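Asker: Under the working numbering, the first residue of the sequence shown carries the number 760, and numbering increases by one thereafter.
Idealized CB from N, CA, C, for every residue including glycine.
From a predicted model like this one, the values you see are computed outputs, not experimental measurements.
Here it is, the structure, as structure tokens.
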Amino acid sequence: MAGVSLVCVPLVGKSVEQMLSEMATATAGGADVAEIRLDHLASFEPRRDLDLLLRNRPLPVLVTYRPNWEGGEYEGDDGWRFEALLLAMELGAEYVDIELKVAQEFVDFLSGKRPDGTKLIVSSHNYQSTPSIEDLSILVARIQAVGADIVKIATTAVDITDVARMFKVMVHCQGQQVPMIGLVMGDRGLMSRILCPKFGGYLTFAALSTGKESAPGQPSLSDLLDIYNIKQIKADTKVYGVVGKPVAHSKGPIIHGTAFRSVGYNAVYLPLLVDDFESFLSTYSSPDFAGFSVTMPHKEAALACSDEVDPIVKYIGAVNTLIKRPSDGKLIGYNTDYTGSISAIETTLQVFSGKVPGASLADRIFVVIGAGGAGKALAYGAREKGARVVIANRTYERARELANFVGGQAISLADLENFHPEEGMILANTTSVGMYPNIHDTPLSKQALKSYALVFDAIYNPTLTRLLREAEELGVTIVTGVEMFVRQAMGQFEIFTGLPAPEKLMRETLLNFH
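Here it is in structure tokens:
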């Protein structure tokens, strides 16, 4: 049974004073262990500095003196390093880390003078790739053979599927009662750091704050504890996540993680950087990987991989939510983008019905900018509500395809500038024009917005895009992407959990995160 993994914060200050300050911050932030990276100190006087660092320590410590040939900053010889690590052991350090390459020499050096009470971590780092399960298992055996109390293997993820091999080796070690730290570095390896307790990992590392990482892909301490709720992750915790490329800026983990926690649902929600959607699904096919939010560029691939889909999905041609049905493991595809955006627009029309005559979409001209997955979803949703749909796209051909599909009209983006057959129209931008960091861009001039009663932008970062700001300046009603995001996330939450979504909490979480 997997238990709680320790959370260790590397101290990377250049002076002892900085490290002591970092240790105090790590303690207050909820860390279990502090890693003293002696190789980061600008100058180091072993007896004086180790005494200062260890004497009144508020946390158990792991002392590491990493050489440059293993990704560290120490450039001297091993004799000096060994003496410093022995001194740390004599001063009562709870853990000391030594690299496999010199572990036998270090163990021989300690012969007869190794103090009790310090656990020896023997580590191996691979900054290029993640070996096969067979090679990883051989590495574990070599580390054990040299006398390690704890095995540490850090590899690099070339693809997110690499992490599965590390998980298998960790589970095997757990069965053999071998304490193991198994981490996969880089953005594609992030889930190895978060799911550590699920697969029996002894310890995981978290940076004190963004910018203080000691290895690629380290999450921050506050993210690990507050967003991913790592202390509540157990062997039976279900895994959900947002699958995309890129995903680093997704607000999904904070909104779903908070919602799961609020209802006591035993699950974690991760950002999953996926290159090949099909290979990701076949690698993580166990029921524990229970469901996914799907974002660009995988929405069409998610449809192709679905065993069954919600009828609406067939029309939209894109899946943004995928779950494994517990009874048979079949993948069921849904689309909550369309319900999220249309309900946000309708609700706003009803609220502002004093200002906007006739608070329904029926028979209203509904202009959609963009013909991708989100454009399809909105066009279909608007047509279902009886609107007259117009598709505007940079390439007219794509606009015409979608317009034919929903029985609407197509125009080029250039022609949209002078398109105003009637007042009271609705405009919906589904492109990324105006999204962070290009916040000064807009898909349509301010002048052209005068004919619209309501303007919606699917972008939620920034909340107020240039398009929306200029519409608001003209007195046009606006609907932000935050509203759509919250509503589609609520739909996903209900599909994931079968429980009613905590709407107020989800909306507040997203707005506070902004």
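(1) Give a yes or no on contact between the region 1249-1266 and the region 1216-1236, applying the rule of three or more CB pairs nearer than 8 Å.
(2) Determine, using beta carbons only, whether V1149 and F1178 come nearer to each other than 9 Å.
(3) For the alpha helix (DSSP H) containing Q1168, name the first residue and the last one.
(4) Helix or strand or just coil, what does DSSP make of D1122?
(5) My output table needs one value for R796: the three-state DSSP class, helix, strand or coil.
(6) Extract the residue ranges of the alpha helix (DSSP H) inside the region 1038-1065, only unbroken runs of 4 or more that lie entirely within it.
(7) DSSP three-state label for K990, please.
(8) Go ahead and pull the three-state DSSP assignment for H931.
(9) Straight-line CA distance for Y999 to A1133?
(10) Is the CB-CB distance between Q991 and F958 below 9 Å?
(11) Going by beta-carbon coordinates alone, are L846 and P805 separated by less than 9 Å?
(12) Check this for me: beta carbons of A965 and S951, under 9 Å apart or not?
(13) For N1188, does the three-state DSSP call read helix, strand or coil?
(14) Suppose contacts are defined by Cβ-Cβ distances below 9 Å. Is L1186 in contact with I1091 by that definition?
(15) Which of helix, strand or coil does DSSP assign to L895?
(16) Is DSSP giving N815 helix, strand or coil here?
(17) Fully enclosed by the region 1227-1258, which beta strand (DSSP E) runs are 3 residues long or longer?
(18) In whole angstroms, give me the CA-to-CA distance for G948 and M1265.
(19) Figure out for me which residue from G838, T786, E1181, D908 has the closest Cα to the Cα of V855.
(20) Grab the span of the beta strand (DSSP E) containing N1152 for me, first residue to last.
(21) Using a 10 Å radius around the Cβ and a threshold of 16 neighbouring Cβ atoms, would you call R1246 buried or exposed?
(22) Grouping DSSP H, G and I as helix and E and B as strand, with all else coil, what is A913?
(23) T1107 by DSSP, collapsed to three states: which one?
(24) Based on DSSP bridge pairs, tell me the residues matched to G1003.
(25) For the beta strand (DSSP E) holding F964, just list the boundary residues, first then last.
(26) By how many angstroms is the C-alpha of L812 removed from the C-alpha of T1239?
(27) For a test of the three-state rule: what should DSSP assign to T1080, helix, strand or coil?
(28) Indicate whether R796 and S973 have their beta-carbon atoms separated by less than 9 Å.
(29) Is G772 near H799, with beta carbons less than 9 Å apart?
(30) Under a Cβ-count criterion, where at least 16 other Cβ atoms within 10 Å of its own Cβ denotes burial, should R1147 be classed as buried or exposed?
(31) Reducing DSSP to helix, strand and coil, say where D1216 ends up.
(32) Buried or exposed for E1156, going by 16 or more other Cβ atoms inside 10 Å?
(33) Give the range of the beta strand (DSSP E) segment to which P769 is assigned.
(34) Hey, how far is the Cα of L844 from the Cα of T784?
(35) Going by CA-CA distance only, name the one from L879, A1169, F865 that's closest to R1159.
(36) Have a look at I1082 and I919 and give me their C-alpha separation to the nearest angstrom.
Answerer: Taking the coordinates as given:
(1) no
(2) yes
(3) It is not in any alpha helix (DSSP H) - Q1168 instead sits in the beta strand (DSSP E) that spans 1168-1171.
(4) coil
(5) strand
(6) 1058-1064
(7) helix
(8) helix
(9) 22 Å
(10) no
(11) yes
(12) no
(13) strand
(14) no
(15) helix
(16) coil
(17) 1236-1238
(18) 27 Å
(19) D908
(20) 1147-1152
(21) buried
(22) strand
(23) helix
(24) L1032
(25) 962-964
(26) 51 Å
(27) strand
(28) yes
(29) yes
(30) buried
(31) strand
(32) exposed
(33) 765-770
(34) 24 Å
(35) A1169
(36) 19 Å
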